[in-house]
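Each protein sequence line maps, in turn, to chains U and G. Under the numbering used here, the residue at position 263 of the first sequence is numbered 279, and the numbers go up by one with no gaps. Under the numbering used here, the residue at position 552 of the second sequence is numbered 568, and the numbers go up by one with no gaps. I have placed the structure first, in the form of structure tokens, so that the comments after it can refer back to it.
2 protein chains.
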Amino acid sequence: MNFKRLTLLLLALCPFLLAAQTITSPDKNFSMKFELVNGVPTYQLTYKNKPVIKQSTLGIEAKNVPSFTDGFTVTNTAQVSVNDTWEPVMGEQKTIRNNYNELAVTLTQAKNNNRYIVIRFRLFNDGLGFRYEFPKQDGLSYFIIKEEHTQFKLAGDHKIFWIPGDYDTNEYAYTTSKISEIPGLQKKATIEINAQRPIENPSVQTPSMMKSQDGIYINIHEAGLINYPALQLNVDATGFVFSSHLTPDAVGNKGYIQTPQSSPWRTIVVSDKATDILASKLILNLNEPTKYKDVSFIKPVKYIGVWWEYFVAGRSTWAYGKENNVKLTDDFSKLTPNGKHGATNERVKEYIDFAAKHGFDAVLVEGWNIGWEDWIGNWKEEVFDFVTPYPDFDVEMLHKYAESKGVKIMMHHETSASATNYERRLDRAFQFMKDNGYNAVKSGYVGTIIPRGEHHDSQWMVNHYIHVAERAADYGIMVNSHEAVRPTGLNRTYPNWIAQESARGTEFEAMGGLAPEHGTILPFTRLMGGPMDYTPGIFQTDLSYYGTGSNQRVNTTLAKQLAYYVTMYSPLQMAADLPDNYNRFLDAFQFIKDVAVDWDDTYVLEAEPGDYITIARKAKGKEEWFVGSITDENKRTAKVNLDFLPKGKKYTATIYADAKDASFDKNPQHYEIKTITVTSKTKLDQFIAPGGGFAISIKEAAKK
Amino acid sequence: MNFKRLTLLLLALCPFLLAAQTITSPDKNFSMKFELVNGVPTYQLTYKNKPVIKQSTLGIEAKNVPSFTDGFTVTNTAQVSVNDTWEPVMGEQKTIRNNYNELAVTLTQAKNNNRYIVIRFRLFNDGLGFRYEFPKQDGLSYFIIKEEHTQFKLAGDHKIFWIPGDYDTNEYAYTTSKISEIPGLQKKATIEINAQRPIENPSVQTPSMMKSQDGIYINIHEAGLINYPALQLNVDATGFVFSSHLTPDAVGNKGYIQTPQSSPWRTIVVSDKATDILASKLILNLNEPTKYKDVSFIKPVKYIGVWWEYFVAGRSTWAYGKENNVKLTDDFSKLTPNGKHGATNERVKEYIDFAAKHGFDAVLVEGWNIGWEDWIGNWKEEVFDFVTPYPDFDVEMLHKYAESKGVKIMMHHETSASATNYERRLDRAFQFMKDNGYNAVKSGYVGTIIPRGEHHDSQWMVNHYIHVAERAADYGIMVNSHEAVRPTGLNRTYPNWIAQESARGTEFEAMGGLAPEHGTILPFTRLMGGPMDYTPGIFQTDLSYYGTGSNQRVNTTLAKQLAYYVTMYSPLQMAADLPDNYNRFLDAFQFIKDVAVDWDDTYVLEAEPGDYITIARKAKGKEEWFVGSITDENKRTAKVNLDFLPKGKKYTATIYADAKDASFDKNPQHYEIKTITVTSKTKLDQFIAPGGGFAISIKEAAKK
């Protein structure tokens with residue numbers, strides 16, 4: 017089934033190897049030139065003959081051995097062309113094409129006993145990936161990275177959607193500015209976030225999304241972050257030069273290398289169409305196929321959970337007791353109940369009933385286990401034990417109850433960023449899950465990391481997340497990590513690591529609100545790395561509704577919340593609101609019940625970062641399509657061309673749209689649902705309210 | 017059976033509580049005075065009316081809350097007297113008396129919202145223990161220690177047996193000097209040791225052994241080091257003042273406290289008889305009883321092992337392959353065998369045969385598992401997996417072979433100080449042991465700690481060692497840790513943590529040699545904290561014997577090696593030499609076969625730190641006694657008074673002694689064995705050669 021064409025063009029080894037080499041993308045739109053300049057490696061990238069990356073230097077500064085920055089000669093070059101396809105366990109497409117031309121340059125330092133490295137470039141039709149490789153060789157086994165010096169010399173003062181560089185959090189709101197404006201805006205952009213560790217010099221995080229004045233979209237990120245610290249970008253705002261800034265460890269080092277080892281891929285996705293950026297599979301293609309022998313336990317999940325009510329001020333709490341100082345050795349049944357504990361047997365049974373009634377796979381329960389009374393802000397090593405429930409949560413009874421209803425309970429492992437404590441208890445925690453019928457865990461890393469001095473994005477933690485994913489796979493468990501390092505396509509290699517948060521998600525709608533444009537930026541930034549557990553589906557957007565004193569509001573219309581299920585890709589999707597609220601809007605809720613979470617194909621119909629996104633997807637293995645469309649604070653009319661539908665057939669489309677008088681801040685719950693017949697020739701003009709959106713489900717008309 | 021008298025003298029709470037309080041030891045020899053001086057807590061200690069600790073201040077400097085150093089008033093004092101006994105799982109005595117007078121002083125800081133702490137003093141007949149307690153209270157839940165400020169103002173320029181302060185190693189040779197000479201000798205004393213991290217200012221480690229000019233012996237250490245960094249001592253060499261210097265963590269903090277929590281006990285063991293120092297059980301008494309419900313798996317162990325041959329240069333190696341760069345993912349069967357791998361099936365079977373023939377419980381096998389090719393010095397995270405044997409080590413076959421001979425194989429877990437890697441794999445490692453019949457593990461921590469920035473003695477690692485001990489207990493496994501933080505009597509609380517190295521042990525006899533006096537100092541220093549796996553029993557002391565190019569030599573006589581089995585207490589004792597060497601001296605080897613490793617009682621007959629030690633012990637549950645006596649580089653005649661024997665009975669004593677012409681550097685293998693009849697009235701004058709010793713086994717004559 018896979019189409020594979022592999023051409024090996026090994027350059028004949030000759031005494032005077034060219035110090036400059038150029039490759040083009042399969043479609044010839046890209047050209048990448050590698051050149052050694054006075055012994056220093058450089059690369060440059062053009063797209064449709066326009067410079068995207070001007071000549072930029074490459075190199076690794078080492079700490080305990082000579083650096084890999086200069087004094088190089090080219091001692092070998094090799095070119096390969098690959099064009100094949102592969103199938104992800106779950107994804108936006110059933111089949112992914114992997115088509116690139118590769119140049120591998122072997123660089124030797126005569127001054128250092130002919131020590132050599134390889135820089136490997138892969139040029140796709142959607143951009144460039146390259147990495148450093150440190151082959152196993154006599155005289156190079158171990159070294160420590162002081163800094164990676166990869167430059168991205170941009171061709172102009174692009175518009176950029178950015179969050180400030182930080183070793184510990186990705187939960188910033190996005191700032192849109194020119195590159196030249198970043199230093200002046202950095203302080204304002206660095207809003208206060210729990211356990212943050214901002215970089216002092218001007219810097220941004222990846223995925224970094226840009227748009228040039230002449231309409232070229234450029235996304236810089238990394239792929240395959242394994243056993244290496246996460247990449248941040250220093251910003252030279254006058255020269256428009258980004259340069260790599262690795263996350264340091266507790267002693268200030270930036271990577272421990274044992275040959276053979278490679279850096280992650282540095283990725284530059286480029287197009288003159290924003291829709292191509294969203295459609296790019298370059299990052300996934302650069303990740304390694306999974307080594308798991310068994311992936312049968314990995315399945316898409318649609319879930320509800322005892323969760324949002326914790327964000328509605330004064331409604332319920334993770335904690336059971338009133339106390340603010342507890343230890344795992346305490347007898348929690350002796351605590352003074354605060355009367356607002358969320359994860360009670362009664363409440364969880366209600367959620368299970370609702371999940372069963374409406375066809376959800378699972379019910380997440382946060383706050384089920386002891387330790388929440390003082391879980392945050394104390395840099396506490398032993399926060400949770402992951403196996404002991406509160407007195408009002410009966411694990412066995414609820415397991416049986418859920419099982420009888422065909423629903424899974426989703427485990428929750430908040431670590432409070434004490435990775436140490438989690439690692440020490442991990443096997444017991446997973447065994448407990450297995451013993452009690454759990455097959456998925458939402459993990460959390462809120463706080464300052466333990467081991468102290470490490471960061472959410474440092475190499476030690478990068479290894480930790482992967483350790484957890486691999487160990488979870490050993491137990492047949494899926495992982496959805498929150499506050500972990502942002503994803504880099506590792507869901508290909510570790511497909512049970514099905515989703516992550518790692519950005520400013522829906523919870524912030526209850527903590528100050530998200531800008532209406534936020535959802536139009538995330539797919540161009542955070543989601544470039546992988547699926548996001550954005551937890552959409554908030555129908556009751558005005559939280560003053562609860563009468564608990566909250567004056568917070570979710571800055572979207574109800575219809576936009578539906579659209580997110582399509583625009584925010586994840587094989588794990590939550591319906592995050594309270595069952596009571598869904599019961600009030602069951603007609604709209606029908607879309608959440610219907611929408612697929614795993615896909616045969618995806619069609620990015622319209623997109624402009626910061627403004628709007630319209631995406632259509634075909635459900636995996638079904639003749640059903642779903643469309644989501646969102647806008648920023650401005651209303652608009654979306655153009656929805658249904659030509660992705662099979663020709664010659666009639667389909668029934670149910671459109672969940674904003675009412676004319678709706679907007680994110682007025683009448684957000686005004687929506688209209690209509691059913692029409694469509695074909696592949698249908699072109700819809702669909703109104704979207706300010707901060708709004710719409711969702712469409714399309715099924716074969718015959719089945720209606 | 018336990019005799020218990022408990023008197024509670026709660027001082028009536030009155031408006032003007034005394035700012036000074038004095039308690040005496042049960043035998044009245046000690047007097048400890050607590051006094052608040054301008055709001056600063058102080059204590060002083062006298063022994064037989066002589067000052068031992070002059071008025072010294074106490075306090076804890078905090079980082080994120082006001083410090084606990086001054087502004088105190090005494091708001092409560094309480095005195096308790098305790099006199100009872102308890103039985104250790106294994107030990108030098110079957111029954112241990114616990115007899116002290118206690119003063120607990122509650123100190124309140126009016127300036128800090130009446131926040132309070134307790135300083136608890138326990139005055140025994142052998143010295144003082146005290147600790148800081150941070151009770152749970154409103155307004156004091158969490159804080160970070162910047163430094164502990166506990167002073168020990170000594171009464172003079174004592175002679176001291178010391179090793180320099182270091183956060184990562186205790187494996188220094190001892191220096192003997194006056195306190196005033198420490199700064200001048202510090203550089204010389206700080207010999208090069210793998211992964212050391214010496215403290216820059218003048219400092220010494222505990223246990224710190226001193227002797228005053230008027231013959232008072234003083235030992236300063238700590239008891240019950242749990243969830244707190246290890247204590248080091250700053251040295252003020254002009255004022256003869258020691259002050260606490262806690263081991264920092266990766267970010268420079270010195271302890272994370274959550275109330276209720278206590279510091280470890282600071283211990284000062286004092287006597288005018290050196291023998292009393294060795295007999296002291298103060299440190300064990302200050303540790304908590306075990307919480308283990310099942311201690312039946314904890315048993316004394318006498319073992320041999322594939323070990324010493326690794327220290328005989330060129331003889332055999334831990335590593336299997338010639339390669340110097342390996343990963344756990346490599347196929348080790350594809351390595352190039354170096355031809356000298358020690359842990360082969362054939363070799364291990366020989367050891368098992370020898371162990372079975374001579375009645376040993378176990379055979380330690382080091383170098384059985386993959387990863388030894390580049391295990392040291394690379395700060396490598398994934399060094400060992402603890403479950404994969406080399407191709408020439410058949411776990412199942414050897415397990416069955418050993419089992420058929422009634423011998424256990426002892427597991428070896430070298431971590432290379434990557435505690436992170438060990439924790440991630442710990443459950444699998446212990447499960448592997450259980451599945452393959454292992455019930456004891458020797459663990460090692462050679463190298464610079466991972467998590468990076470932590471130290472062997474920092475709080476994170478202190479918690480790690482205890483985590484390992486507790487988890488091992490869950491699997492019914494005993495632990496013997498090498499290169500861990502030095503012990504503080506925790507073998508009472510975690511009795512499966514049966515022994516440790518944590519000092520310069522026998523291995524250094526093959527790496528430069530130990531001073532002949534070394535063995536006379538260790539019981540006064542390192543062993544004050546707990547049993548040491550000293551690994552004695554080297555009969556072939558001149559390593560040039562092997563013809564492998566080694567010119568090393570063990571600086572003892574053969575007879576002294578026998579004496580160590582009695583003078584170096586441990587319920588785990590190794591016969592460390594090669595079976596071939598024991599076969600050459602089977603008559604002397606008989607003592608090692610006979611000697612007990614667990615005891616009903618112990619009699620310290622003679623002792624002077626740095627000079628000599630003579631100890632007799634009664635075997636647990638048997639009418640057998642064993643005597644060990646050692647000297648430094650000077651010959652001497654030991655006085656052995658056998659009045660510990662039951663009266664009116666005749667016993668057969670077998671004496672293994674140095675020959676007249678023996679010494680550590682000439683004729684070390686010249687020894688004489690004679691058998692005599694003895695009674696409780698016998699007083700032996702026994703010659704000891706320079707660097708020599710003797711051992712005596714005593715059995716009932718009738719059984720002969």
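Each residue gets a CB set at the ideal place from its N, CA and C atoms; glycine is no exception. Keep in mind it's a predicted model, so treat the numbers as computed, not measured.
Check your understanding: Helix, strand or coil for Gly143(G) per DSSP?
Key -> strand
Check your understanding: Out of curiosity, what's the CA-to-CA distance linking Thr23(U) and Thr93(U)?
Key -> In this predicted model, Thr23(U) has a pLDDT of only 33, less than 50, meaning its place in the structure is not dependable; the value taken from the coordinates is given anyway. In a straight line, the C-alpha of Thr23(U) is about 15 Å away from that of Thr93(U).
Check your understanding: What are the start and end residues of the alpha helix (DSSP H) that includes Trp476(G)?
Key -> 475-490
Review point. So, His1(G) versus Pro218(G), is the Cβ gap smaller than 8 Å?
Key: For chain G, the structure presents residues 17 to 720; residue 1(G) sits outside this window and is missing.
Check your understanding: Any chance the region 200-220 of chain G sits against the region 131-151 of chain G, with 3 or more Cβ pairs inside 8 Å?
Key -> no
Check your understanding: In terms of alpha-carbon separation, which member of Gln60(U), Pro511(U), Gly422(U), Val379(U) lies closest to Pro587(U)?
Key -> Pro511(U)
**Study point:** Opening and closing residue of the beta strand (DSSP E) in which Ala120(G) lies
**Key:** Unbroken beta strand (DSSP E) run through Ala120(G): 112-125.
Review point. Going by Cα to Cα distance, which pick from Thr111(U), Gly337(U), Pro407(U), Gln95(U) is closest to Arg508(U)?
Key: Thr111(U)
Check your understanding: How many angstroms separate the CA atom of Phe19(G) from the CA atom of Thr333(G)?
Key -> Confidence at Phe19(G) is low in this model, with a pLDDT of 41, below 50, so its placement is unreliable and the value that follows should be read with caution. The alpha-carbon atoms of Phe19(G) and Thr333(G) are separated by roughly 54 Å.
Check your understanding: If you drop the 5 nearest sequence neighbours on each side, which residues of the same chain put their C-beta closer than 7 Å to that of Lys663(U)?
Key -> Ser696
Exercise for review: Step through the CB atoms of chain G and report whether any lies within less than 8 Å of the CB of Asn303(U).
Suggested key: no
Practice item. Figure out for me which residue from His498(G), His165(G), Ile537(G), Asn599(G) has the closest Cα to the Cα of Thr551(G). Key: His498(G)
Review point. Counting along the chain, where does the beta strand (DSSP E) carrying Phe177(G) start and finish?
Key: 175-178
Check your understanding: How is Phe555(G) classed by DSSP in three states: helix, strand or coil?
Key -> coil
Practice item. Kindly indicate if chain G contains any beta-carbon less than 8 Å away from that of Ala266(U). Key: yes
Check your understanding: Given that Tyr158(G) touches chain U, what residues does it touch there, using C-beta distances under 9 Å?
Key -> Result: Asn341, Asp390, Gly393, Asn394, Trp395, Lys396.
Check your understanding: Is Leu302(G) near Gly145(G), with beta carbons less than 8 Å apart?
Key -> yes
Review point. How many Å lie between Lys666(U) and Ala635(U) at the Cα?
Key: 17 Å
Review point. Leaving out the 5 sequence neighbours to the left and right, which residues in its chain are closer than 6 Å to Val286(U) when beta-carbon positions are compared?
Key: Tyr63, Val68, Gly143, Ile234
Review point. Listing by chain order, which chain U residues have their CB less than 9 Å from the CB of Thr275(G)?
Key: Neighbours of Thr275(G) on chain U, chain order: Asn341.
Review point. Would you call Ser713(U) buried or exposed, if buried means 16 or more other Cβ atoms sit within 10 Å of its Cβ?
Key: buried
Review point. Where does the unbroken beta strand (DSSP E) through Gly709(G) begin, and where does it stop?
Key: Where Gly709(G) is concerned, the enclosing beta strand (DSSP E) stretches over 709-716.
Check your understanding: Would Asp443(G) count as contacting chain U if we go by Cβ distances under 8 Å?
Key -> Closer than 8 Å to some Cβ of chain U, the Cβ of Asp443(G) qualifies, so yes.
Check your understanding: What residues in its chain sit with their C-beta under 8 Å from that of Ser679(G), if we drop five residues either side in the sequence?
Key -> Thr573, Lys651, Ala705, Pro706, Gly707, Gly708
Check your understanding: When Cβ atoms are compared, which residues of the region 473-484 of chain G fall closer than 9 Å to chain U?
Key -> Gln475, Trp476, Asn479, His480, His483
Exercise for review: Take Ala489(U) as the anchor and find which of Asp443(U), Asp659(U), Glu517(U), Ala371(U) has the nearest alpha-carbon.
Suggested key: Asp443(U)
**Study point:** Any C-beta of chain G under 8 Å from that of Pro218(U)
**Key:** no
Check your understanding: Going along the chain, which residues of its own chain have a beta-carbon closer than 6 Å to the beta-carbon of Ala721(G), five neighbours each way excluded?
Key -> As shown, chain G starts at 17 and ends at 720. That puts residue 721(G) outside it, with no answer to give.
Point to revise | chain G within 8 Å of Gly469(U), Cβ atoms only | key: yes
Practice item. Could you tell me whether the Cβ atoms of Val317(U) and Val379(U) are closer together than 8 Å? Key: no
Practice item. Please name the residues in the region 130-152 of chain G whose beta-carbon is closer than 9 Å to at least one beta-carbon of chain U, in chain order. Key: Residues of the region 130-152 of chain G whose Cβ lies closer than 9 Å to any Cβ of chain U, in chain order: Lys152.
Point to revise | Residues near Asn129(U) by beta carbon distance below 8 Å, same chain, minus five either side | key: Gly155
Exercise for review: Just the chain U side, please: which residues come within less than 7 Å of Arg440(G) by C-beta, in chain order?
Suggested key: Glu439, His483
Check your understanding: Looking only at C-alpha atoms, which of Asp451(U), Val311(U), His165(U) sits nearest to Lys270(U)?
Key -> His165(U)
Practice item. Can you pull the chain G residues whose beta carbon is under 8 Å from the beta carbon of Thr272(U), in chain order? Key: The sequence shown places Tyr at residue 272(U), rather than the Thr named in the question. Within chain G, the residues near Tyr272(U) are Trp395, Lys396, Glu397.
Check your understanding: For the alpha helix (DSSP H) that Ile602(G) lies in, which residues bound it at each end?
Key -> Residue 602(G) is actually Leu in this sequence, not Ile. Start and end: 602-610.
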